[in-house]
Every structure is written in structure tokens, then in C-alpha cells.
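Trainee: Sharing a structure below in C-alpha cells format, with a few things to ask.
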Amino acid sequence: MSYDLTGDIAVVTGGTRGIGRAITEQLAASGATVVANYYSNEEAARETEELLAEYDADSRVMQFDVSDVDDVIDAFAEIRSAVGTPTILVNNAGILEQDTLDCTTEDCWDSVVDVNLKGTFLCSREALGPMRDAETGAIVNISSVARENGAEGLGGYAATKGGQVSLTKVMAKEHGPYGIRTNAIAPGLIETDIWKGADGDGMLADDEEVVRENWAEQSPLGRVGYPEDVASVAAFLVSEEAAYVNGEVITVDGGTNL
Ligand code: NAP
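And the structure:
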């Protein structure tokens, strides 16, 4: 299903790979002008730029680090002057580090918290002021089922995903009165690079087919999740069709965590 987002300006953090890329494409296909943020993967950024060019001349990719306050402030200032005031923000950028808590280094903890949670705060802060002035806006935070399912080996990650849900509810209450809706999506296992690990040592590093089959067996629907499964829900949440949905968390896991 396609929603009418004509006239909207959307910022999608981590919008050039995986779930973010699918959201970028879905919003662009629905008529929004999209700024797809990325951090370091230039190849994925180029591919996304080519994709966006098919939809809208003002859409673009933009490099910045969501965990760096100066980078975020500068990026949103540039977006406002070059593209316009964002009416949609999808806080999707995220990283994952796998280790039990007793083996989690301070550096690992800090990097996950900085990107996933502080990044959500910094980008939301930059978006909320102008949205409040315009009395309109929609924000979607990409959390995870790890926020509440006791995901072993993902302590720091799970804590950030729970924190994003808390922020979602705070923003929904604080900024709802100004016409800004904030919701979250909690995906289950979605097949993306995040499971390959930063050093190629993640769950999908080897025996990909076996891992995929295991994942599929856990799901009542008998398959893994794909980025598009999340993107269609994000498009709904930022659309007028979700005009009375605020402060919700929608799980997209095929029923795996029931
Ligand atoms: P992914 O394929 O690894 O993509 C991550 C994206 O985040 C990339 O575009 C990356 O940019 C960007 N990013 C990372 N650090 C950044 C930073 N400091 N500043 C700006 N951008 C940064 O991951 P994914 O699986 O699509 O995950 C997207 C979101 O969904 C994350 O929040 C994740 O926690 C959540 N999620 C994923 C799953 C799943 O199973 N895949 C399940 C639940 C929730 P570069 O391309 O430049 O590196």
C-alpha cells in the first residue's frame, strides 16, 4: 500500500542500508522528499542516491554521525536551508554489539548507547523545535523486540532499545499537544547486515543458510523478516492514516515473540 506523503520532508537516519534503505525508498515512493543519512558506507550511500534520483530532485543522502552533537546540529541546519523543515523523522540508525554483560567493555557499551539512544535524542531534539513551530510532525523510532524479551548477549543494545521506547512515550506526551506524533516500531529478526557483525563475526558470519532456517523455524509465519516488512509500517505511522496513533510501539516480528 502506498500513502500520500506529497509535500513532506523526511529525514531517515541510517537510511542507506538495511531497514533504513527500505524506509527511505517507501517514503520516497509515497511522495516525500527524503534525506537519507549514513555514517561511513559510501557505496551504499551512492546506491541510495541513485535510487532517490528516480523519485525526487531534492532528495539526497547526507553523511553525519548521529552520536555527535555538532554533526547533528550542523546537519539539521543544512537540511533546513537546502531542503526545508523536516516534517518526518525516522530514528533508524543503530549498531549492535554481541557479548554477555560481564564481558562487555566500557567502549562497546558507550558506542551502542551513543549511536542508538543518544543519537535518537540528538536528532529528535533538532527536529522537534521546528516541528513544534509548524504544529505538525511525525517521528518514528526503530526500537527492537530486544527491548523486552531478555535478549541474551545483547545487554547494551537491549537497554538502548528500551530507552528508545521510553523516549517515544515522553515525546508523544510532550509534543502531542503541538501536533507531533511519535511512535516506535519493534522489529524482530530482520535480515540485514547488522547480523554480520562489524568485524564479520556476527550471527550471519558463516552458515548463513542454517541461521536463516533457524530463524524461519522460530516464526509462526515460517520465514525471516525483510526490511520492507518494517518500512511499510513506518510509512503508515507517518501518514495521515495514522493521525490518531501516538505513543505506540508496533511489533513487526511475524509473531515470533508471542
Ligand atoms: P544495518 O543494515 O547495519 O544498517 C545500519 C544503518 O545505520 C547504516 O545505514 C549505518 O550507516 C547507520 N549508522 C550506524 N552508525 C551510525 C552513526 N553513528 N551515524 C549515522 N548512521 C549510522 O542495520 P539494520 O538491521 O537495518 O538496523 C536498522 C535499525 O533497526 C537499527 O536501529 C536496529 O537496531 C534496528 N533493528 C534491526 C533488527 C534486525 O534484525 N535487523 C531488529 C530489530 C531492530 P553506514 O551504512 O554508513 O554504516
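Under numbering that gives the first Met the number 0, the first residue of the sequence shown carries the number 0, and numbering increases by one thereafter. For every residue, glycine included, the Cβ atom is placed at its ideal position computed from N, Cα and C. The structure displayed is predicted, hence computed values, not measured ones.
Do Arg16 and ligand 1 come close, with the Cβ less than 6 angstroms from some heavy atom?
Mentor: The answer is yes for Arg16.
Trainee: Can you tell me whether Asp109 sits near ligand 1, meaning its C-beta is under 6 angstroms from at least one heavy atom of the ligand?
Mentor: No, the Cβ of Asp109 stays beyond 6 angstroms of every heavy atom of ligand 1.
Trainee: Please report how far the alpha carbon of Leu220 lies from the alpha carbon of Gly161, in whole angstroms.
Mentor: Near 26 angstroms, if we compare the C-alpha coordinates of Gly161 and Leu220.
Trainee: What are the residues that DSSP puts in a beta bridge with Val89?
Mentor: For Val89, which the question treats as bridged, DSSP gives the partners Val11 and Val139.
Trainee: List, from N- to C-terminal side, the beta strand (DSSP E) runs of 3 residues or more that fit wholly inside the segment 162-199.
Mentor: Fully enclosed beta strand (DSSP E) runs of 3 or longer: 179-186.
Trainee: Assign Tyr156 to one of three DSSP states: helix, strand, or coil.
Mentor: Residue state, collapsed to three classes: helix.
Trainee: Specify whether the segment 144-152 and the segment 104-118 touch according to this definition: at least 3 beta carbon pairs, one from each stretch, less than 8 angstroms apart.
Mentor: Because the criterion of three Cβ pairs below 8 angstroms is not met, the segment 144-152 and the segment 104-118 do not touch.
Trainee: Hey, how far is the Cα of Ala28 from the Cα of Gly14?
Mentor: If I take the Cα positions, the gap works out to 14 angstroms.
Trainee: With DSSP as the reference, label Ala35 as helix, strand or coil.
Mentor: Here Ala35 sits in strand by DSSP.
Trainee: Any heavy atom of ligand 1 inside 6 angstroms of the beta-carbon of Val65?
Mentor: Under cutoff, so the answer is yes.
Trainee: So Arg146 is in the alpha helix (DSSP H); what residue range does that whole segment cover?
Mentor: Taken as a continuous stretch (DSSP letters only), Arg146 belongs to no alpha helix (DSSP H), as it is neither H nor E.
Trainee: Count the other CB atoms within 10 Å of the CB of Thr181; is the residue buried (16 or more) or exposed (fewer)?
Mentor: By the 10 Å Cβ count, Thr181 comes out buried.
Trainee: Ligand 1 and Val164: does the residue's C-beta get closer than 6 angstroms to at least one heavy atom of that ligand?
Mentor: Val164: no, Cβ never under 6 angstroms from ligand 1.
Trainee: Look at the alpha carbon of Leu95 and the alpha carbon of Tyr38, and state the distance between them as a whole number of angstroms.
Mentor: Distance between the alpha carbons of Leu95 and Tyr38: 15 angstroms.
Trainee: What residue range is occupied by the uninterrupted beta strand (DSSP E) comprising Arg59?
Mentor: From DSSP, the beta strand (DSSP E) with Arg59 extends over Arg59 to Gln62.
Trainee: Based on the DSSP secondary-structure assignment, which residues constitute the bridge partners of Ile249?
Mentor: Answer is Ile184, bridged to Ile249.
Trainee: How about Phe63 and Asn40: are their beta carbons less than 7 angstroms apart?
Mentor: Result no, Cβ atoms of Phe63 and Asn40 do not sit closer than 7 angstroms.
Trainee: Distance, Cα to Cα, Gly246 vs Thr167?
Mentor: The alpha-carbon atoms of Gly246 and Thr167 are separated by roughly 6 angstroms.
Trainee: Report the rounded CA-to-CA distance for Ala242 versus Ala31, giving the unit in angstroms.
Mentor: About 17 angstroms.
Trainee: Between which two residues does the alpha helix (DSSP H) containing Ala230 stretch?
Mentor: Unbroken alpha helix (DSSP H) run through Ala230: Pro226 to Val237.
Trainee: Whole angstroms is fine: what's the gap from Gly17's alpha carbon to Arg131's?
Mentor: Approximately 30 angstroms between the Cα atoms of the pair.
Trainee: Name the one or two DSSP bridge partners that Asp98 has.
Mentor: DSSP, once it has assigned bridges, lists Leu153 as partnering Asp98.
Trainee: Starting from Arg222, trace the alpha helix (DSSP H) both ways and give me its first and last residue.
Mentor: From DSSP, Arg222 is part of no alpha helix (DSSP H); its letter is neither H nor E.
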